[in-house]
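So the sequence shown is numbered by my numbering: it starts at 218 and just counts up by one.
Cβ atoms here follow ideal geometry from the backbone N, Cα and C, with glycine treated the same way.
Input: a single structure, listed below in structure tokens.
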Amino acid sequence: MEPLARTALRRMGNSTGMIVPKAILAAMGAREGEPLDVSVENGRLVAARPGELVEEVTISTKEEAELQALAAELKAATSRMSARLEEASAAVRAALDPARETELRVRFEKEFAGSGEGLFEALTR
Numbered sequence: 218m219e220p221l222a223r224t225a226l227r228r229m230g231n232s233t234g235m236i237v238p239k240a241i242l243a244a245m246g247a248r249e250g251e252p253l254d255v256s257v258e259n260g261r262l263v264a265a266r267p268g269e270l271v272e273e274v275t276i277s278t279k280e281e282a283e284l285q286a287l288a289a290e291l292k293a294a295t296s297r298m299s300a301r302l303e304e305a306s307a308a309v310r311a312a313l314d315p316a317r318e319t320e321l322r323v324r325f326e327k328e329f330a331g332s333g334e335g336l337f338e339a340l341t342r
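Printed below as a string of structure tokens:
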């Protein structure tokens with residue numbers, strides 16, 4: 218972000234102050250003598266007219282509520298997907314179960330026993 222103006226910190230009695238250039242005051246819609254709320258956010262000096270920060274917090278609270286709702290929706294969807302994945306995994310485990318493999322082999326051999334084909338021939342036809 219390109220700065221609107223440059224200023225310097227100066228000694229003002231026992232404090233350090235900053236002269237705010239007219240361009241900055243105009244951009245803020247502020248005037249000389251008007252109170253400002255001053256804070257530091259992410260290492261940056263933030264000056265706002267009283268009440269502006271309250272609006273920003275209100276917006277942030279609304280956005281946070283929306284994010285909470287979306288997070289709950291995502292958690293529910295993830296839970297449903299996890300349940301479906303577990304069902305599919307159980308089906309795969311059952312299909313790969315050695316005991317089940319033996320059962321299927323016996324059924325298959327019984328089915329083709331009278332056909333004169335061996336297991337290999339039946340599978341490769």
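Backbone CA spacing between A289 and E281 [nearest angstrom]:
12 Å
Checking 8 Å against the spacing of the C-beta atoms, do A240 and A225 come in under that value?
no
Report the rounded CA-to-CA distance for P267 versus M218, giving the unit in angstroms.
24 Å
Looking only at its own chain, which residues have a Cβ that is under 7 Å from the Cβ of M265, when we skip the five neighbours before and after it?
It is Ala, not Met, that sits at residue 265 in the sequence shown. So the list reads L253, D254, once near-sequence residues are dropped.
Distance, T295 Cα to D314 Cα:
28 Å
Once DSSP output is grouped into helix, strand and coil, what is the label at M218?
coil
Which residues DSSP lists as bridging L253, in chain order:
Bridge partners of L253: none, in fact.
Between the alpha carbons of N259 and A300, how many angstroms are there, rounded?
42 Å
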